[in-house]
Each structure stands twice: as C-alpha cells, then as structure tokens.
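For reference, the structure is listed below as structure tokens.
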Amino acid sequence: MSQSFSEETHRNLLSRIPQCTGREVADWLRTVDEGPALFRFEEKVSWLRGEHQLAYGHAKAIIHEHDLRRAARRLL
C-alpha cells in the first residue's frame with residue numbers, strides 16, 4: 138500500500154531533489170514525459186526508481202508533481 142505525503146512533505150521532497158539527484162525537477166518531469174506510457178501511478182514510480190536509481194520518496198514526489206501539473210494543464 139502506498140503512503141500519502143502531506144503537501145508540506147511533498148514540497149520538501151521536491152526542494153531536495155536537485156541536491157540529491159544532481160538534476161532539476163523540470164528535467165525529471167521531462168524524463169517522465171519522454172518515458173513509457175504507463176497508466177498506474179505506482180508503475181510510473183517503479184519505472185523511475187528502476188531506470189534512474191531514485192529513492193522511493195523522490196520518485197513518488199516527481200510522479201505526483203507530474204500528475205498535478207498535467208491535471209492543471211487540462212483545466213486551462
């Protein structure tokens with residue numbers, strides 16, 4: 138079962154991603170866009186972790202942010 142992070146925890150994880158991974162969040166979001174067309178959230182997290190050796194929390198935060206931004210674009 139997946140763990141839900143608070144908005145504050147999500148923002149904290151995002152702010153640490155560049156320091157921990159050496160890549161900006163925008164780069165990771167592009168990587169997800171260019172990656173395989175997986176449907177389920179956990180499949181995307183698993184792919185990102187396996188392909189790029191990310192920690193679970195970082196991968197989950199990136200996928201969550203990707204989904205939030207995609208949903209926001211749909212509202213426009």
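Position in the sequence shown (from 1) plus 137 gives the number in the numbering used here.
Note that CB positions come from ideal geometry on N, CA and C, so glycine has one too.
When DSSP labels each residue in this structure, what does LEU212 get in the three-state scheme?
To locate residue 212, count along the sequence shown from 1; it is residue 75. LEU212 falls in the helix class under three-state DSSP.
Between LYS181 and the rest of its own chain, which residues show a CB-CB distance below 6 Å, the 5 nearest in sequence each way excluded?
Here residue 181 is taken as the residue at index 44 of the sequence shown, counted from 1. Only LEU175 and ILE200 meet the Cβ criterion.
Where does ALA192 fall in DSSP's three states?
In the sequence shown, the residue the question calls residue 192 occupies position 55. Coil.
GLY159 by DSSP, collapsed to three states: which one?
Within the sequence shown, the letter at position 22 stands for residue 159. Here GLY159 sits in coil by DSSP.
Please go through the same chain and pick out, in chain order, the residues whose beta-carbon is closer than 8 Å to the beta-carbon of CYS157, but skip the five residues on each side of it.
Translated into positions along the sequence shown, residue 157 becomes position 20. Setting aside the 5 residues that flank it on each side, CYS157 is surrounded in the same chain by ALA192 and HIS195, each with a C-beta closer than 8 Å to its C-beta; the list follows chain order.
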